[in-house]
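Residue numbers (our numbering): 124 to 198.
Here's the structure we're looking at; comments come further down.
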């Protein structure tokens, strides 16, 4: 595990602490959870943009074939 020190405004620290308490988890756990959610959303948005670009560049059949190639190439 890595360690990261971040300076937060008191108001943000207080808000995150309250939200962590509401969820019944530590502040550290809650921050990791929120960052993970944000990263996942960003990844999904990038995938959506790539797919939308593919649908503009290819016909439906070509897009489906290209998507299948991408899926098959994934580890």
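By construction, the Cβ of each residue, glycine as well, lies at the ideal position given by its N, Cα and C atoms.
- The beta-carbon distance between residue 153 and residue 160, rounded to whole angstroms, is 11 Å. This is too long to meet the 8 Å contact definition.
- It is roughly 19 Å from the alpha-carbon of residue 178 to the alpha-carbon of residue 166.
- Short of 6 Å from the beta carbon of residue 176, and not among the five residues preceding or following it, lies no beta carbon of its own chain.
- When the Cα atoms are used, residue 188 and residue 168 turn out to be separated by approximately 21 Å.
- About 14 Å separates the CB atoms of residue 127 and residue 139; that is not less than 8 Å, and the two are not in contact.
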